[in-house]
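Chains E and U, in that order, give the protein sequences. The first sequence begins at 1 in my numbering and counts up one residue at a time. The second sequence begins at 1 in my numbering and counts up one residue at a time. Cβ coordinates follow ideal geometry from the N, Cα and C atoms, glycine included. Bear in mind the structure is a predicted one, so any value in this text is a computation, not a measurement. Notes to accompany the following structure.
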Amino acid sequence: QSGLTQPPSASGAPGQSVTISCTGTASDIGAFDFVSWYQQHPGKPPQVVIYEVSKRPSGVPNRFSGSKSGKTAFLTVSGLQADDEALYYCSSIAPRNTLILFGGGTKLTVL
Amino acid sequence: QVQLVQSGTEVKKPGASMKVSCRASGYNFISYGINWVRQAPGQGLEWLGWISTNHGGTNYEPKVQDRVTLTRDTSTNTVYLELRSLSSEDTAVYYCAREGRQATASPMGWFDAWGQGALVTVSS
Numbered sequence: 001q002s003g004l005t006q007p008p009s010a011s012g013a014p015g016q017s018v019t020i021s022c023t024g025t026a027s028d029i030g031a032f033d034f035v036s037w038y039q040q041h042p043g044k045p046p047q048v049v050i051y052e053v054s055k056r057p058s059g060v061p062n063r064f065s066g067s068k069s070g071k072t073a074f075l076t077v078s079g080l081q082a083d084d085e086a087l088y089y090c091s092s093i094a095p096r097n098t099l100i101l102f103g104g105g106t107k108l109t110v111l
Numbered sequence: 001q002v003q004l005v006q007s008g009t010e011v012k013k014p015g016a017s018m019k020v021s022c023r024a025s026g027y028n029f030i031s032y033g034i035n036w037v038r039q040a041p042g043q044g045l046e047w048l049g050w051i052s053t054n055h056g057g058t059n060y061e062p063k064v065q066d067r068v069t070l071t072r073d074t075s076t077n078t079v080y081l082e083l084r085s086l087s088s089e090d091t092a093v094y095y096c097a098r099e100g101r102q103a104t105a106s107p108m109g110w111f112d113a114w115g116q117g118a119l120v121t122v123s124s
């Protein structure tokens with residue numbers, strides 16, 4: 001089973017909002033509310049910014065929000081800041097095959 | 001605070017085996033499962049497997065399940081990833097990552113703490 005599908009890149013100016021999509025299938029994102037989003041800066045391990053579709057871990061700014069519609073999950077980053085420039089990966093459980101799927105990653109550029 | 005500290009860089013020959021460790025501190029070790037995720041140079045994330053630190057049960061990614069073994073040592077709060085029959089395609093940074101929820105029966109994809117990563121290079 002191939003991974004989840006993300007756009008390779010996204011961009012926005014400081015202060016603007018940007019939304020990144022993550023498309024799966026009826027067997028993963030479409031079936032379960034276990035979608036997570038990770039932010040990764042160069043040379044660093046990933047850090048979770050959203051889990052279980054829309055929950056935000058403590059310490060993550062409320063500028064980060066998550067949602068889901070059918071087989072597609074979304075990460076929205078509002079009030080873009082320079083430090084938001086990073087790679088963003090989505091993940092979902094996929095019990096029918098490999099248990100955890102990742103998206104290919106989206107490079108977010110703050111213009 | 002929660003910390004996952006991994007072993008260091010390794011260089012291996014094709015066909016050899018690797019074993020990376022991940023020592024946990026700052027929480028009750030047996031309450032949270034540990035996952036392993038790897039990232040090839042310039043590539044995305046790939047989940048490899050999960051181990052219950054409580055009872056030792058495991059789940060593996062089908063593509064590597066014939067070559068991978070996860071174990072844990074509750075006396076030292078350490079989890080180990082062993083990968084055998086290495087090829088150049090296994091060159092990657094290997095991360096351990098803690099499950100965000102306690103006592104799950106399988107991985108749920110919410111990883112709330114990560115190790116610093118261990119670079120493993122497979123080259124002749």
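Cβ-based neighbour list, residue i, same chain, cut-off 7 Å, excluding 5 preceding and 5 following
{"i": "U/Arg67", "result": "Leu83, Arg84 and Ser85"}
{"i": "U/Val122", "result": "Lys12, Pro14, Leu86, Ser87, Ser88, Asp90 and Thr91"}
{"i": "E/Thr25", "result": "Lys71"}
{"i": "U/Gln102", "result": "Ser31 and Tyr32"}
Outcome for residue i when other beta-carbon atoms lying within 10 angstroms are tallied against a minimum of 16
{"i": "E/Asp131", "result": "Since the displayed chain E opens at 1 and closes at 111, residue 131 of chain E lies outside it and no answer follows."}
{"i": "E/Gln1", "result": "With a pLDDT of 48 at E/Gln1, under the threshold of 50, the modelled position of this residue cannot be trusted, and the question is left open."}
{"i": "U/Val120", "result": "buried"}
{"i": "U/Gln6", "result": "buried"}
{"i": "E/Pro45", "result": "buried"}
{"i": "U/Asn59", "result": "buried"}
{"i": "E/Ser36", "result": "buried"}
{"i": "E/Ala13", "result": "exposed"}
{"i": "E/Ala82", "result": "exposed"}
{"i": "U/Ser75", "result": "exposed"}
DSSP-derived helix/strand/coil call for residue i
{"i": "U/Ser25", "result": "strand"}
{"i": "E/Ala82", "result": "helix"}
{"i": "U/Asp73", "result": "strand"}
{"i": "E/Glu52", "result": "coil"}
{"i": "E/Gly33", "result": "In the sequence as displayed, the identity of residue 33 of chain E is Asp instead of Gly. Coil."}
{"i": "U/Glu46", "result": "strand"}
{"i": "U/Ser31", "result": "helix"}
{"i": "U/Glu10", "result": "strand"}
{"i": "U/Glu89", "result": "helix"}
{"i": "E/Thr19", "result": "strand"}
{"i": "U/Glu61", "result": "coil"}
{"i": "E/Thr154", "result": "It is not possible to answer for residue 154 of chain E, since the shown part of chain E is limited to 1 through 111."}
{"i": "U/Ala105", "result": "coil"}
{"i": "U/Asp66", "result": "coil"}
Cβ neighbours of residue i in the same chain (closer than 6 Å, five flanking residues each side left out)
{"i": "E/Thr21", "result": "One detail in the question is off: residue 21 of chain E reads as Ser in this sequence, not Thr. Taken in chain order, the residues that qualify are Thr72 and Phe74."}
{"i": "U/Gln3", "result": "Ser25 and Gly26"}
{"i": "U/Ala118", "result": "Gln6, Ser7, Val20 and Tyr94"}
{"i": "U/Trp110", "result": "Gly100"}
- [ ] Say whether the stretch 17-37 of chain U touches the stretch 93-100 of chain U, bearing in mind that this needs 3 or more beta-carbon pairs closer than 8 Å, one atom from each stretch.
- [x] yes
Open item on the list: When you compare the stretch 89-104 of chain E with the stretch 42-62 of chain U, are there three or more beta-carbon pairs, one atom per stretch, that lie closer than 8 Å?
Closed with: Short answer: they touch.
Open item on the list: Residues of the stretch 48-61 of chain E in Cβ contact with chain U at a cutoff of 8 Å, in chain order, please.
Closed with: Within the stretch 48-61 of chain E, the residues whose Cβ lies closer than 8 Å to some Cβ of chain U are Val48, Tyr51, Glu52 and Pro57, listed in chain order.
Task: Against chain E: residues of the stretch 91-114 of chain U by CB proximity under 7 Å - done: Tyr95, Gly100, Ser106, Pro107, Met108, Gly109, Trp110, Phe111, Asp112 and Trp114
Open item on the list: Taking contact to mean 3 or more Cβ pairs, one atom from each stretch, closer than 8 Å, check whether the stretch 95-110 of chain E and the stretch 47-56 of chain E are in contact.
Closed with: Result no; under three Cβ-Cβ pairs closer than 8 Å.
Task: Within 8 Å of chain E by C-beta, residues of the stretch 46-64 of chain U in sequence order - done: Glu46, Trp47, Trp50, Asn59, Glu61, Pro62 and Lys63
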